[in-house]
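Same order as they appear, the protein sequences are chains Y and Z.
Quick note, the first sequence lines up with residues 927 to 1039 if you use this note's numbering.
Quick note, the second sequence lines up with residues 5 to 119 if you use this note's numbering.
Every residue gets a Cβ at the ideal spot worked out from N, C-alpha and C, and that includes glycine.
Keep in mind the model is a prediction, meaning the values are calculated, not measured.
The block underneath contains the structure these notes are about, expressed in structure tokens.
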Amino acid sequence: NAGVTQTPKFQVLKTGQSMTLQCAQDMNHNSMYWYRQDPGMGLRLIYYSASEGTTDKGEVPNGYNVSRLNKREFSLRLESAAPSQTSVYFCASSERRGYTEAFFGQGTRLTVV
Amino acid sequence: AQSVTQLDSQVPVFEEAPVELRCNYSSSVSVYLFWYVQYPNQGLQLLLKYLSGSTLVKGINGFEAEFNKSQTSFHLRKPSVHISDTAEYFCAVSSSGGSNYKLTFGKGTLLTVNP
Chain Y
927 NAGVTQTPKF QVLKTGQSMT LQCAQDMNHN SMYWYRQDPG MGLRLIYYSA SEGTTDKGEV
987 PNGYNVSRLN KREFSLRLES AAPSQTSVYF CASSERRGYT EAFFGQGTRL TVV
Chain Z
5 AQSVTQLDSQ VPVFEEAPVE LRCNYSSSVS VYLFWYVQYP NQGLQLLLKY LSGSTLVKGI
65 NGFEAEFNKS QTSFHLRKPS VHISDTAEYF CAVSSSGGSN YKLTFGKGTL LTVNP
């Protein structure tokens, strides 16, 4: 029972490089989310997708783009990485928006040097 | 806009002592409330949730929380903690009204249980 799977688990980028974080869920959930976690800041929402074919900005979207490829997959792209994007990134999914629990992946630890 | 305040960033306790982790929220509409736990180098796991009904909610690992609408609080409690409860705990709120269905997290409380 995989749940939410994120790849890669660790990544080091140089400033200006691009990369895509992959996320897939096997629970047939409609909603998917990308968060970043920084010390003392809790989790902050980057982008979310309420359903297949829709995406919306969260609290901290600058420097990121997303793609809801299908119902299972929701990717996060950094076009030109900056040191301020060093963080732990979590993907999550929920059956419906708002009032059902979110299930989280194990996280991607990204360092931009 | 909704927000969550976790009043303590760190809570150290001794094993078998009771603990309370405090959470206050603000929202202009009805809310759903959650507590999540994060063990080191892992993702978040749901401890318990309040959607409606009884204000006392029981979760996994012996934790419980009480929803207090008048005080806009959702404090987490456990009568006797174990070393294995050492983790970071996050309170989260989601609003039921309109399109504001985003899950907003507090900044977390690090619970350290000492022998």
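Rounded to the nearest whole angstrom, the C-alpha separation of Asp-12(Z) and Gly-112(Z) is 8 Å. If you draw a straight line from the Cα of Tyr-40(Z) to the Cα of Gln-943(Y), it comes to about 33 Å.
The criterion of a C-beta distance shorter than 8 Å is satisfied by Phe-109(Z) and Ala-96(Z). Interface annotation, Tyr-990(Y): not in contact with chain Z, CB-CB separation never under 8 Å.
Gly-63(Z) and Ser-1006(Y) have their C-alpha atoms some 42 Å from each other.
When Cβ pairs closer than 8 Å are counted between the two stretches, the segment 982-999 of chain Y is seen to touch the segment 945-952 of chain Y, the count reaching three or more. In the structure shown, Asp-952(Y) falls within a coil segment according to DSSP collapsed to helix, strand and coil.
Chain Y has no Cβ within less than 8 Å of the Cβ of Lys-62(Z). Listed in chain order, the non-local C-beta contacts of Lys-53(Z) below 6 Å within the same chain comprise Phe-38, local neighbours out to five positions each way being set aside. Gly-979(Y) carries a coil assignment under DSSP once its states are collapsed to helix, strand and coil. With fewer than 16 neighbouring CB atoms inside 10 Å of its own CB, Met-967(Y) falls in the exposed class. Cβ contact annotation for Glu-68(Z) (same chain, cutoff 6 Å, sequence separation greater than five): Lys-62, Arg-81, in chain order. Contact residues of the segment 963-984 of chain Y toward chain Z are Gln-963, Gly-966, Met-967, Gly-968, Leu-969, Arg-970, Leu-971, Tyr-974, Ala-976, Asp-982, Gly-984 (C-beta to C-beta distance below 9 Å). For Ser-88(Z), the secondary structure class from DSSP, reduced to helix, strand or coil, is helix. In terms of beta-carbon proximity, Phe-1016(Y) lines the interface with chain Z, with at least one pair separated by less than 8 Å.
For Phe-38(Z), the C-beta contacts it makes with chain Y under 7 Å involve Glu-1027, in order along the chain. Contact with chain Y is found for Gly-47(Z), since one of that chain's Cβ atoms lies less than 8 Å from the residue's Cβ. Listed along chain Y are Gly-968, Leu-969, each with a C-beta nearer than 9 Å to that of Phe-94(Z). DSSP places Ser-30(Z) in the strand class (E or B) of the three-state scheme.
At a cut-off of 8 Å between C-beta atoms, Phe-936(Y) does not count as an interface residue with respect to chain Z. In the DSSP assignment, Gln-10(Z) falls within the unbroken beta strand (DSSP E) covering 7-10.
In the DSSP annotation of this structure, the continuous segment of the beta strand (DSSP E) that includes Phe-1000(Y) starts and ends at 1000-1004.
Scanning chain Y for C-beta atoms nearer than 7 Å to the C-beta of Gly-112(Z) yields Gly-968, reported in chain order. A straight-line Cα-Cα distance of about 5 Å links Cys-27(Z) and His-79(Z).
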